[in-house]
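Student: Okay, here's the structure, questions in a sec.
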Amino acid sequence: MTGSVPAQGDLDSASAAPLHPAAREVLLAALDRGYADPRRLHRAGREARLLLDNAREATAGALGVRADEVTFTPSGTHATHLGLLGLVRGARRGDLVVHSAVEHSAVRHAVEWSGRGEEVPVDKDGRVDPAEVRARAVRPEVAVVAVQSANHEVGTVQPVGRLDLPPDVPLFTDACASMGRLALPSGWAAAAGSAHKWGGPAGVGVLLVRTRARWRNPFPGDDRVDERSTGFENIPAVLAAAAALQAVVAQREEVNARHHDLVDVVRRRVAAEVPDVEVVGDPVRRLPHVVTFSCLYVDGEALVTELDRRGFGIASGSACTASTLTPSHVLEAMGVLTHGNVRLSLQRDATRADVDAFCDVLPDVVAEIRSRVGL
Amino acid sequence: MSSPHDGHAVALELDCTTLPCPMPVIELARHLGDVAAGELIAVVAMDAAAAVDVPAWCRMKGQEYVGADVTEDGRPRYVVRRLG
Numbered sequence: 001m002t003g004s005v006p007a008q009g010d011l012d013s014a015s016a017a018p019l020h021p022a023a024r025e026v027l028l029a030a031l032d033r034g035y036a037d038p039r040r041l042h043r044a045g046r047e048a049r050l051l052l053d054n055a056r057e058a059t060a061g062a063l064g065v066r067a068d069e070v071t072f073t074p075s076g077t078h079a080t081h082l083g084l085l086g087l088v089r090g091a092r093r094g095d096l097v098v099h100s101a102v103e104h105s106a107v108r109h110a111v112e113w114s115g116r117g118e119e120v121p122v123d124k125d126g127r128v129d130p131a132e133v134r135a136r137a138v139r140p141e142v143a144v145v146a147v148q149s150a151n152h153e154v155g156t157v158q159p160v161g162r163l164d165l166p167p168d169v170p171l172f173t174d175a176c177a178s179m180g181r182l183a184l185p186s187g188w189a190a191a192a193g194s195a196h197k198w199g200g201p202a203g204v205g206v207l208l209v210r211t212r213a214r215w216r217n218p219f220p221g222d223d224r225v226d227e228r229s230t231g232f233e234n235i236p237a238v239l240a241a242a243a244a245l246q247a248v249v250a251q252r253e254e255v256n257a258r259h260h261d262l263v264d265v266v267r268r269r270v271a272a273e274v275p276d277v278e279v280v281g282d283p284v285r286r287l288p289h290v291v292t293f294s295c296l297y298v299d300g301e302a303l304v305t306e307l308d309r310r311g312f313g314i315a316s317g318s319a320c321t322a323s324t325l326t327p328s329h330v331l332e333a334m335g336v337l338t339h340g341n342v343r344l345s346l347q348r349d350a351t352r353a354d355v356d357a358f359c360d361v362l363p364d365v366v367a368e369i370r371s372r373v374g375l
Numbered sequence: 001m002s003s004p005h006d007g008h009a010v011a012l013e014l015d016c017t018t019l020p021c022p023m024p025v026i027e028l029a030r031h032l033g034d035v036a037a038g039e040l041i042a043v044v045a046m047d048a049a050a051a052v053d054v055p056a057w058c059r060m061k062g063q064e065y066v067g068a069d070v071t072e073d074g075r076p077r078y079v080v081r082r083l084g
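Put into structure tokens, the structure is as follows:
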């Protein structure tokens with residue numbers, strides 16, 4: 001077996017992180033041990049059930065929740081759909097979902113599918129105001145409020161723990177952008193996470209539903225070990241995801257401090273060395289590993305392509321890089337420049353040399369693209 | 001010239017109807033010098049990003065974003081006052 005090779009120049013961990021070394025070993029061992037149906041009472045079934053229960057316990061422990069509040073799903077998106085729509089289905093009143101204007105598209109699609117949604121605007125850093133959320137949430141037609149833990153595009157941490165909602169209006173929190181890296185906020189009735197963002201395998205989502213929450217399955221049920229899940233569990237993957245989560249939580253103090261400083265370097269150097277650039281998102285209360293900026297007069301697709309040619313993988317929220325040809329609704333809601341956008345997110349082992357290498361090439365790349373249009 | 005906000009008496013209108021992001025903003029920057037300080041310049045664009053990017057450009061470049069209206073045939077138009 002070869003060790004994991006960090007993808008050099010991959011500055012897009014917010015899209016996906018390479019498999020954590022702690023997950024790789026567990027995954028390989030569990031492929032042989034955890035193949036069976038965990039509902040069966042024979043030896044192989046009991047072994048699979050043991051691994052599934054271990055994964056649930058380890059995940060609960062790493063997140064500081066009860067084991068029976070943890071459900072594994074086939075993706076973070078599915079966990080989001082289940083979590084949000086299950087609260088809507090269980091709602092005591094109304095059918096309206098009040099949500100921040102900067103939620104992930106998984107939340108927006110679920111709201112659209114369920115019926116009625118209403119956006120709460122954000123400030124220039126992309127943050128909702130708890131007073132504005134409350135003012136909308138108190139109305140009788142409101143079923144559920146959805147506010148993310150932190151924004152997936154600009155990194156701004158939301159004031160989830162400070163939301164003051166009526167006792168019969170549950171909160172759904174999409175925690176996919178922060179799970180593992182930051183402690184969960186308080187106050188949610190259901191929450192969602194995604195393993196490939198913390199170094200677990202793809203195809204594993206985590207749905208958290210509080211014991212006392214009114215949650216009803218919005219989709220057809222099943223007869224699995226966990227009544228909230230459907231389909232045959234991918235036990236090797238969930239066990240590997242749990243192992244990666246434990247490792248990430250154990251290492252986060254060191255990794256977060258390093259990432260926070262490296263992102264500060266990027267924020268400072270980009271603002272100083274690239275003319276006509278806007279670095280966005282909260283500079284302090286943010287995800288440690290994410291920074292977003294937009295370059296005036298620059299085509300986002302050209303920027304992604306040219307940086308890739310020089311060995312740097314970044315994401316972009318610009319319209320010309322999206323299949324829909326519409327700009328990022330997050331940048332739009334913040335009222336910041338949407339074209340020429342770069343989202344850089346650090347992988348676990350990122351160093352000062354990595355971010356300096358990126359900052360060294362960026363001014364020339366931007367200048368070259370601007371020169372194509374005579375600017 | 002007098003240019004009340006309602007009515008938007010623009011000195012120069014740029015037709016960027018067929019241009020994708022970020023060309024409408026680039027055209028705006030290219031032609032800002034074609035109008036005098038205090039005058040209005042407008043850009044007509046179907047590009048969805050222009051609604052955000054024209055005001056953002058004004059903020060970054062110290063110009064005044066006057067507002068959005070529509071052309072006679074209903075295309076979105078974004079109006080800017082040159083300040084300097």
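Chains as they are written, first to last, in UniProt numbering: chain D, 1 to 375; chain A, 1 to 84.
Yeah, the Cβ is synthetic: ideal placement off N, Cα and C, and Gly gets one too.
Since the structure is predicted, the reported quantities are computational estimates derived from the model, not experimental observations.
1) In chain D, which residues lie less than 8 Å from M60 (chain A) when you measure between Cβ atoms?
2) Taking only three categories from DSSP, how would you classify V365 (chain D)?
3) Given this structure, state the Cα-to-Cα distance separating R348 (chain D) from R162 (chain D), to the nearest angstrom.
4) For the segment 358-373 of chain D, list every residue whose C-beta sits within 7 Å of some C-beta in chain A, in sequence order.
5) For S294 (chain D), which of D:R285, D:G335 and D:H260 has the nearest alpha-carbon?
6) Leaving out five residues on either side along the sequence, give the residues of the same chain with a beta carbon under 6 Å from the beta carbon of I235 (chain D).
7) Against chain A, does T305 (chain D) count as a neighbour if the rule is that its beta carbon must be under 8 Å from one of theirs?
8) Report the partner residues of F172 (chain D) according to the DSSP bridge assignment.
9) Using a Cβ-Cβ cut-off of 8 Å (strictly less than) and excluding sequence neighbours within five positions of A213 (chain D), which residues of its own chain qualify?
10) Please classify P4 (chain A): is it buried, with 16 or more other beta-carbons within 10 angstroms of its beta-carbon, or exposed?
11) Got a sec: which bits of the segment 34-53 of chain A sit with their beta carbon under 9 Å from any beta carbon on chain D, in order along the chain?
12) Less than 8 Å separating the beta-carbons of R228 (chain D) and L207 (chain D)?
13) Check whether chain D comes within 8 Å of S2 (chain A), counting only Cβ atoms and requiring the distance to be less than that.
14) Would you say V25 (chain A) reaches chain D, if we count a Cβ-Cβ gap shorter than 8 Å as a contact?
15) Given a cut-off of 8 Å, decide if L182 (chain D) and V263 (chain D) are closer than it, judged by their beta-carbon atoms.
16) Taking Cβ positions only, does P76 (chain A) come closer than 8 Å to chain D?
17) Helix or strand or just coil, what does DSSP make of L96 (chain D)?
18) Out of D:A357, D:A177, D:P288 and D:D95, which has the shortest C-alpha to C-alpha gap to V270 (chain D)?
19) Would a C-beta distance cut-off of 8 Å place H205 (chain D) and A23 (chain D) closer than the cut-off?
20) May I have a chain-ordered list of the beta strand (DSSP E) segments no shorter than 3 residues that lie completely inside the segment 321-356 of chain D?
21) Using a Cβ distance threshold of 8 Å, determine whether the segment 46-60 of chain A contacts the segment 12-24 of chain A, with at least three qualifying pairs required.
22) Comparing the C-beta of D125 (chain D) with each C-beta of chain A, is any distance below 8 Å?
23) Would you mind telling me which residues of chain A sit closer than 7 Å to S105 (chain D), beta carbon to beta carbon, in chain order?
24) Does L375 (chain D) come within less than 8 Å of chain A when only Cβ atoms are used?
25) Bridge partners of S294 (chain D), per DSSP?
26) In angstroms with no decimal places, state the Cα-to-Cα distance between L12 (chain A) and E39 (chain A).
27) Determine the extent of the alpha helix (DSSP H) in which L163 (chain D) is found, giving its start and end residues.
28) Any beta-carbon of chain A closer than 8 Å to the one on D282 (chain D)?
29) Beta strand (DSSP E) containing E119 (chain D): first to last residue?
30) If you run the structure through DSSP and keep just helix, strand and coil, what is G3 (chain D)?
31) Comparing the C-beta of C21 (chain A) with each C-beta of chain D, is any distance below 8 Å?
32) With a threshold of 8 Å between beta-carbons, can L208 (chain D) be considered close to chain A, or not?
33) Is there a Cβ of chain A sitting closer than 8 Å to that of G317 (chain D), yes or no?
34) Could you say if the segment 55-72 of chain D and the segment 110-125 of chain D meet the contact criterion of at least three C-beta pairs nearer than 8 Å?
35) Quick check on the burial criterion: 16 or more other C-beta atoms within 10 angstroms. Buried or exposed for L27 (chain D)?
Tutor: With the structure as the only source:
1) Here the neighbours are D276, E278, L296 and L337.
2) Shown here, V365 (chain D) sits in a helix according to DSSP, grouped into three states.
3) One C-alpha to the other measures close to 30 Å.
4) Listed by position along the chain: V373.
5) When only C-alpha atoms are compared, the closest one is D:G335.
6) Closer than 6 Å at the Cβ level, and outside the excluded window around I235 (chain D), lie G34, A48, L51 and L52.
7) Interface flag for T305 (chain D) against chain A is unset, since no Cβ pair is found closer than 8 Å.
8) Note: F172 (chain D) sits in a beta bridge opposite D:A146 and D:A190.
9) Excluding five sequence positions before and after A213 (chain D), the CB atoms of its chain that fall closer than 8 Å to its own CB belong to L87, G90, P170, A189 and A190, given in chain order.
10) Confidence at P4 (chain A) is low in this model, with a pLDDT of 40, below 50, so its placement is unreliable and no value can be given for it.
11) Sequence-ordered contacts of the segment 34-53 of chain A with chain D read D47, A48, A49, A51, V52 and D53 [C-beta pairs closer than 9 Å].
12) Cβ distance < 8 Å, so R228 (chain D) and L207 (chain D) count as in contact.
13) With a pLDDT of only 36 at S2 (chain A), under 50, the local geometry of the prediction cannot be trusted, and the value read off the model is given with reservation. Under the Cβ criterion of 8 Å, S2 (chain A) is not counted among the residues facing chain D.
14) Chain D, which has a Cβ nearer than 8 Å to the Cβ of V25 (chain A), makes this yes.
15) With contacts defined as CB atoms closer than 8 Å, V263 (chain D) and L182 (chain D) fail to qualify as a contacting pair.
16) Using beta-carbon distances, P76 (chain A) does not count as an interface residue toward chain D, since no partner is under 8 Å.
17) In this structure, L96 (chain D) counts as strand in the three-state DSSP scheme.
18) Considering only alpha carbons, the answer is D:A357.
19) Correcting the residue identity first, residue 205 (chain D) is Gly in this sequence and not His. Cβ atoms of G205 (chain D) and A23 (chain D): not closer than 8 Å.
20) Entirely contained in the segment 321-356 of chain D, the beta strand (DSSP E) runs reaching 3 residues are, in chain order, 341-345.
21) In this structure the segment 46-60 of chain A touches the segment 12-24 of chain A; the number of beta carbon pairs closer than 8 Å is three or more.
22) Answer no: the Cβ-Cβ gap between D125 (chain D) and chain A never drops below 8 Å.
23) Within chain A, no residue comes near S105 (chain D); the closest Cβ sits about 16 Å away, beyond 7 Å.
24) Yes - at least one Cβ of chain A is within 8 Å of the one on L375 (chain D).
25) Partner(s): D:E278 and D:N341.
26) Straight-line Cα distance between these residues: approximately 9 Å.
27) The continuous stretches of alpha helix (DSSP H) do not include L163 (chain D), and DSSP gives it neither H nor E.
28) Not an interface residue.
29) R116 to V120 is the extent of the beta strand (DSSP E) around E119 (chain D).
30) Reliability fails at G3 (chain D), whose pLDDT of 46 lies under 50, so the model's placement of it is uncertain and the value that follows must be treated cautiously. In the three-state reduction of the DSSP assignment, G3 (chain D) falls in the coil class.
31) Closer than 8 Å to some Cβ of chain D, the Cβ of C21 (chain A) qualifies, so yes.
32) L208 (chain D) does not count as touching chain A.
33) Not flagged as an interface residue toward chain A: G317 (chain D), since no C-beta distance is shorter than 8 Å.
34) They do not touch, by the three-pair rule.
35) Result: buried.
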